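These notes concern the structure reproduced below.
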Amino acid sequence: MKKKITFMWLLLSMLVLSGCGSSRPVETTEPTSENSNIVVGFSQLGAESDWRSANTESMKDAFSEAAGYTLVFKDGQQKQTNQITAIRTFIQQDVDYIVLAPVTESGWESVMEEAKEAGIPIILVDRLVDVSDKSLYQCWVGSDFELEGKKVCEWLHQYTLQNDIAAEDLHIVDLQGTLGSTAQLGRSRGLNEAAIEHGWDIVALRDADFTQEKGREVMTSLLRTYDNINVVYCENDNEAIGAIKAIEAAGLVPGKDIANGEIMVLSFDGINEEALEYAREGKIACIGECNPLHGPRVEAMIQALERGETPEKYNYVEEHIFSALPDVASITVDGVEYAVTEPVMKEKE
Ligand code: AHR
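Quick note: the sequence shown, position 231, residue 230 per numbering that gives the first Met the number 0, numbers continuous.
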């Protein structure tokens, strides 16, 4: 598989592509000597959240020079066009593997076909792509985002049963993640299905793009528009931190006592220390874990491909559910029981 390309050439092409002699920052790793490392082009979608930063760090750690890799890293800044350009650059550089964390699901067919024609395998990480020809990628590793959503909603359902809160008294707003991303589609679907099943009132859905600033802005505007919101379903922890700041700035209280005017915050990820601390204080009632530490998992896939093996196509990571509130000890979703545990990032314990 490994093409053992010369790194002086790679360095040269990076300099040309980044504007040789200009002061623009080169955002790629720059190999400086000839060697036989495996060259991996990683198109990361952006740096919108703490989850994303942890994911980037995990990838950079796994694909180190010491481990026998040269990682060519490109930050797509949340724009699919940047990611498509990055993939075309990787093709020109004739890297050994392309790893893609796609910002949204649609629109990848052509560029992935170009990589296939060039004989460069693509591995997907975190989110999925919507292509009819599944042979355009070798394999994927990431989370079951819909299951994450179902787990958090089941926690909410059990909480309402324990506390005699009628389903019709829940007035929920959904601060959605980047629209069209696998994480948003799955988590929004999880909420929508639970709302239909239990008869919850979904007051509004708004795009908050997985960022703290948008979470704050969108929640501020929703609180001005609606006076009955008592649950905010944030599709990641950065949005939740922003929403809490908006709730407090409006003179309201984030917490579990929704019968007495508090606003319950629900969230996802469990990697950001500030969010975990809010969860320990009860300002975030429940977090569905989303594990970002995919570097070693992707590296194991590349090693399998190097040995001529075929890795499993879809690889879901196991995830927990966190709450510091004593009300719900465990939940059962699709016949599987999950213990509700203290808000601590599991792999960092
Ligand atoms: O795709 C994973 C999601 O993307 C994480 O929940 C979120 O924090 C990130 O930006």
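Even glycine gets a Cβ: it sits at the ideal position worked out from N, Cα and C.
In this text, all values refer to a predicted model and were calculated from it rather than measured experimentally.
CA-CA distance, residue i and residue j?
i: Phe-144; j: Arg-223; result: 30 Å
i: Tyr-337; j: Asp-93; result: 45 Å
i: Ser-220; j: Asp-200; result: 19 Å
i: Lys-244; j: Ile-257; result: 18 Å
i: Thr-181; j: Asn-290; result: 15 Å
i: Cys-138; j: Asn-227; result: 45 Å
i: Gly-45; j: Leu-160; result: 40 Å
i: Ile-90; j: Glu-272; result: 38 Å
i: Glu-29; j: Cys-285; result: Its pLDDT being 49, under 50, Glu-29 is placed unreliably by the model, and nothing is read from it.
i: Thr-84; j: Pro-101; result: 13 Å
i: Val-110; j: Phe-72; result: 18 Å
i: Leu-178; j: Val-130; result: 17 Å
i: Val-343; j: Ile-119; result: 39 Å
i: Ala-114; j: Met-58; result: 21 Å
i: Gly-185; j: Glu-153; result: 15 Å
i: Ala-53; j: Gly-307; result: 30 Å
i: Val-339; j: Gly-287; result: 10 Å
i: Gln-82; j: Asn-36; result: 24 Å
i: Gly-67; j: Asp-206; result: 41 Å
i: Thr-69; j: Gly-269; result: 30 Å
i: Ile-301; j: Lys-282; result: 41 Å
i: Ala-193; j: Arg-126; result: 23 Å
i: Phe-41; j: Gly-294; result: 11 Å
i: Glu-196; j: His-156; result: 10 Å
i: Gly-254; j: Met-263; result: 5 Å
i: Ala-278; j: Phe-321; result: 8 Å
i: Ser-372; j: Glu-56; result: In the structure as shown, the chain starts at 0 and stops at 348, and residue 372 therefore has no counterpart that could be examined.
i: Glu-112; j: Asn-314; result: 23 Å
i: Gln-43; j: Gly-176; result: 17 Å
i: Gly-106; j: Arg-188; result: 21 Å
i: Asp-163; j: Glu-341; result: 24 Å
i: Asn-34; j: Leu-304; result: 20 Å
i: Glu-311; j: Val-128; result: 17 Å
i: Leu-292; j: Glu-108; result: 27 Å
i: Arg-87; j: Gly-141; result: 24 Å
With H, G and I counted as helix, E and B as strand and the rest as coil, what does DSSP make of residue i?
i: Met-344; result: coil
i: Lys-149; result: helix
i: Gln-43; result: strand
i: Ile-83; result: helix
i: Gly-118; result: coil
i: Trp-154; result: helix
i: Gln-302; result: helix
i: Thr-331; result: strand
i: Glu-288; result: strand
i: Ala-323; result: coil
i: Val-316; result: coil
i: Glu-104; result: coil
i: Gly-141; result: strand
Given the structure, does residue i come close to ligand 1, in the sense that its CB is under 7 Å from one of the ligand's heavy atoms?
i: Asn-235; result: yes
i: Trp-50; result: yes
i: Glu-272; result: no
i: Asp-129; result: no
i: Phe-89; result: no
i: Asp-74; result: no
i: Phe-267; result: yes
i: Asp-173; result: no
i: Cys-289; result: yes
i: Phe-41; result: no
i: Glu-47; result: yes
i: Asp-360; result: Here the chain covers residues 0 to 348 and nothing more, so residue 360 does not appear.
i: Ser-180; result: yes
i: Gly-176; result: yes
i: Phe-321; result: no
i: Phe-62; result: no
Contact check, residue i vs residue j under 8 Å by CB: the rounded distance?
i: Leu-190; j: Gly-148; result: 6 Å
i: Lys-150; j: Val-332; result: 5 Å
i: Val-38; j: Asp-95; result: 5 Å
i: Thr-210; j: Glu-47; result: 5 Å
i: His-170; j: Val-230; result: 7 Å
i: Asp-236; j: Ala-274; result: 4 Å
i: Ala-166; j: Gly-198; result: 4 Å
i: Leu-123; j: Leu-99; result: 6 Å
i: Tyr-232; j: Asp-173; result: 5 Å
i: Gly-214; j: Ile-240; result: 7 Å
i: Glu-298; j: Ala-61; result: 4 Å
i: Gln-183; j: Glu-238; result: Gln-183 to Glu-238, Cβ: 11 Å. No contact.
i: Thr-103; j: Gln-79; result: 6 Å
Is residue i near ligand 2, with its Cβ less than 7 Å from a heavy atom?
i: Ala-193; result: No copy of ligand 2 occurs in the structure displayed; its ligands are ligand 1 alone.
Q) What alpha helix (DSSP H) runs, 4 residues minimum, are completely inside the stretch 224–276? A) Listed in chain order, the complete alpha helix (DSSP H) runs (minimum 4 residues) inside the stretch 224–276 are 236–248.
**Q.** Entirely enclosed alpha helix (DSSP H) segments - the stretch 178–225, minimum 4 residues
**A.** Here the runs fully enclosed are 181–197 and 211–224.
**Q.** Ranges of the beta strand (DSSP E) found wholly within the stretch 48–97, counting only runs of at least 3
**A.** Whole beta strand (DSSP E) segments, 3+ residues: 68–74.
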